[in-house]
Amino acid sequence: MTDAIAAEWYKLRTACSTAWILAVVAAFVVLSALSSWYLAHYWDGLSPRRREEFDAPSADQPLSVALPVCAVVLGALTVTSEYATGMIGTSVAVLPRRRLYAAKALVAAGVMLTAAAAGTAVAVLAGRAIVGGRPVPVLGAPLADGVPHLLLTGPVAAAFTLIAFGLGAVLRSTAATITTMVAQMVVLPTLTGLLPSPYGERIWSALPEGLAEQIAAPPGVSAGPGVLSAPVAAAVLLVYVAVALGAGRLSFLRRDA
Amino acid sequence: MRDAIAAEWWKLCSVRSTRWVLAIVAAFVVLLLALAFQEAQIFDGLAPGRREKLALRPLQEMSPWVTGLCMAVTGVLTATSEYRSGTIRSSLVAVPRRSRLPAAKAVVVTAVSLAAGEAATLGTFLGSRLVIGDRPFVDQRAPLPHDLPGFGVEAVSVPVFALLGLALGLLLRSAAAAITAVVLLWHVLPLLVFHLPAPWNERLGSVMLGGLGPRAAGHSVENSIYGGALPPWGAAALMLAYALLPLVVAVSVFARRDA
């Protein structure tokens, strides 16, 4: 298994796309810092009365919008790019399929977890340093308030990577996998807004996109329409990962490469 | 040029992805009509005062928004699938003039996405009107001929997204990269801009592509993440720029680069 992981790590490390995805994450970390800087200066120019009602997003807000997309692209490419190039034939000749599948999932999830957690930590710490002593809401809140959210970003990004990975193993097409995942993350939550209460909120709560904020919302973010408690939301996310990985595994083991 | 267009048309018709995308667009329209049926049921159960607050237009406007993403993916694949499979070399041998091949692709993509966009948008609009019957929804009281042109204009954003996808596909040559870039422009960037403090959220939100279709049609974008600072003709001009400028850049790069 160690060899399989080493091989997958080598593949992922040398692919152009991985470098690009990590560069996008890094760019959004810089953008988050810029946003904190801008908000701090904006705060300086506000009158005391308007400061009362000023509502700043959390320091990693720009990054948190881009992370799910990056996670999905990484997870999808880990498996679909081998089908696109035909590399999959060589890979399954070298390794038993079970092991290959597990090694791919582990490496992709590990890389995304690290990148997301490190990126968010840098964005939040940079935001804190930039805002300094200003009592800006959310941005100036004590760091300890944001710890649950901070610890969660890595695992949630890894979960999205794994869901995209499982779906990629079923669909075997980069375009189809990324489009399906994005539609599921963006279009479905919007559609639930058209449904009558309480069904709209209930369905929204069970969609992957809204689970992270129901487990641990970023500090200062007003509660969304979510109705699930934190443990239930975490369990639902795990079910999504298990179902996607299971379907992908079945397709990977049973179907001809 | 006619032969090149015919060849591109043949390619687009014969790939599986086109059929899948069109099937998804059709299924989405059916889903929206089912939701419209649901809203009609809700309307019946509401007190007269609350009926005034139930609008149907958000549902109708989801159609061009989602079709835009779907056709952008088609636009991307028109370019990137040729690089993936290596057909691009045969294509360039068959059509040696470098600007002619992407131009033919652009013509075919525009025609197909315009047809799909108009069909989905007008289909959702007319279908939802049919579904609600004579229930006087607050934003559905104008006669059909009054509202129809607006939705026809709004659907033009679909080919704009498709041409943007084609340009990104030609520039990036990778489906993953180009689709991700499309998604960033379609959803992530407007969301980031929306969270900026005033007045920049309104200013930058007014030049986001997703909000230009409704704006060009003269519809209100008040309850969306977009801004409404541009007049309808300004939004239409900017939409044209979104479609043409990236494509011009992509074609000029395509003309100089090795396939």
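Protein chains in written order, with this note's numbering: chain R, 1 to 257; chain G, 1001 to 1259.
Glycine residues also receive a C-beta, built at the ideal position from the N, C-alpha and C atoms.
Can you name the start and end residues of the alpha helix (DSSP H) that residue i belongs to?
i: R:Arg98; result: Arg97 to Val131
i: R:Val65; result: Gln61 to Thr85
i: G:Gln1041; result: Arg1016 to Gly1045
i: R:His41; result: Cys16 to Asp44
i: G:Phe1137; result: Careful: G:Phe1137 lies outside any alpha helix (DSSP H) and carries neither H nor E.
i: G:Phe1151; result: Leu1144 to Glu1154
i: G:Phe1125; result: Arg1100 to Ile1132
i: G:Arg1089; result: Thr1087 to Ala1094
i: G:Arg1256; result: Pro1232 to Arg1256
i: G:Gly1049; result: Pro1048 to Arg1051
i: R:Trp204; result: Tyr199 to Ala206
i: G:Trp1200; result: Trp1200 to Gly1205
i: G:Ser1157; result: Ser1157 to Leu1172
i: G:Ala1176; result: Ala1175 to Val1183
i: G:Leu1191; result: Leu1189 to Phe1194
i: R:Leu188; result: Leu188 to Thr192
So residue i packs on residue j, CB below 8 Å; how close in whole Å?
i: R:Ala169; j: R:Val79; result: 5 Å
i: G:Leu1054; j: G:Phe1043; result: 6 Å
i: G:Val1029; j: G:Ala1120; result: 5 Å
i: G:Ser1017; j: R:Ala175; result: 7 Å
i: G:Leu1046; j: G:Leu1166; result: Not really, about 45 Å apart at Cβ, beyond 8 Å.
i: G:Gly1049; j: G:Ser1157; result: Actually they are not in contact, since the Cβ atoms of G:Gly1049 and G:Ser1157 sit about 35 Å apart, beyond 8 Å.
i: G:Glu1154; j: G:Pro1214; result: 6 Å
i: R:Leu253; j: R:Arg97; result: 5 Å
i: R:Ala216; j: R:Pro137; result: No, R:Ala216 and R:Pro137 are not in contact; Cβ-Cβ is about 19 Å, not under 8 Å.
i: G:Thr1078; j: G:Leu1172; result: About 13 Å; that fails the 8 Å criterion.
Helix, strand or coil, according to DSSP, for residue i in the structure here?
i: R:Arg172; result: coil
i: R:Ile88; result: helix
i: G:Met1001; result: coil
i: R:Gly246; result: helix
i: G:His1219; result: coil
i: G:Leu1056; result: coil
i: R:Ser47; result: coil
i: G:Tyr1226; result: coil
i: R:Pro219; result: coil
i: R:Ser58; result: coil
i: R:Pro231; result: helix
i: G:Met1062; result: helix
i: R:Leu253; result: helix
i: R:Met185; result: helix
i: R:Pro155; result: helix
i: G:Leu1077; result: helix
i: R:Pro137; result: coil
i: G:Gly1097; result: In the sequence as displayed, the identity of residue 1097 of chain G is Arg instead of Gly. Coil.
i: G:Met1270; result: In the structure displayed, chain G extends from 1001 to 1259; residue 1270 of chain G sits before or after that span and is not available.
i: R:Gly224; result: coil
i: R:Pro148; result: helix
i: R:Pro196; result: coil
i: G:Ala1259; result: coil
i: R:Met260; result: No answer is possible for residue 260 of chain R: the residues shown for chain R start at 1 and end at 257.
i: R:Pro142; result: coil
i: G:Pro1197; result: coil
Is the beta carbon of residue i less than 7 Å from the beta carbon of residue j?
i: R:Leu63; j: R:Phe28; result: yes
i: G:Val1025; j: G:Gly1075; result: no
i: G:Val1188; j: R:Val30; result: no
i: G:His1195; j: R:Gln61; result: yes
i: R:Ala7; j: R:Arg99; result: no
i: G:Gly1211; j: G:Thr1080; result: no
i: G:Val1253; j: G:Pro1102; result: no
i: R:Arg134; j: R:Trp43; result: yes
i: R:Ala157; j: R:Ala235; result: no
i: R:Ala123; j: R:Ala59; result: yes
i: R:Gly224; j: R:Glu213; result: yes
i: R:Leu250; j: R:Ala115; result: no
i: R:Gly166; j: R:Leu245; result: yes
i: R:Gly154; j: R:Ala117; result: yes
i: G:Leu1032; j: G:Leu1059; result: yes
i: G:Val1093; j: G:Ile1179; result: no
For chain B, check one thing: does any of its Cβ atoms lie closer than 7 Å to the Cβ of residue i?
i: R:Val94; result: Given the protein chain composition of this structure (R and G), no chain B is represented.
Inter-stretch contact at 8 Å, needing at least 3 Cβ pairs: the stretch 95–110 of chain R / the stretch 29–41 of chain R: The stretch 95–110 of chain R vs the stretch 29–41 of chain R: no contact.
Under 8 Å, with one C-beta from each stretch per pair, do the stretch 1226–1244 of chain G and the stretch 1158–1171 of chain G reach the 3-pair mark? Yes, the stretch 1226–1244 of chain G is in contact with the stretch 1158–1171 of chain G.
Can we say the stretch 1001–1021 of chain G touches the stretch 1120–1140 of chain G, given the rule of at least three CB pairs closer than 8 Å? Inter-segment contact for the stretch 1001–1021 of chain G and the stretch 1120–1140 of chain G is absent: fewer than three beta-carbon pairs are separated by less than 8 Å.
With a cut-off of 8 Å, do at least 3 Cβ pairs link the stretch 1001–1010 of chain G to the stretch 153–170 of chain R? The way I'd put it, the stretch 1001–1010 of chain G doesn't touch the stretch 153–170 of chain R; fewer than three beta-carbon pairs between them come closer than 8 Å.
Examine the Cβ distances between the stretch 132–147 of chain R and the stretch 181–199 of chain R and report whether three or more of them are shorter than 8 Å. Contact between the stretch 132–147 of chain R and the stretch 181–199 of chain R is absent, because fewer than three Cβ pairs lie under 8 Å.
For the stretch 222–240 of chain R and the stretch 78–93 of chain R, state whether three or more C-beta atom pairs, one from each stretch, are separated by less than 8 Å. By the criterion of at least three beta-carbon pairs nearer than 8 Å, the stretch 222–240 of chain R is not in contact with the stretch 78–93 of chain R.
Counting beta carbon pairs with one atom in the stretch 1132–1140 of chain G and one in the stretch 1173–1188 of chain G, are three or more of them shorter than 8 Å? Not touching, per the Cβ criterion.
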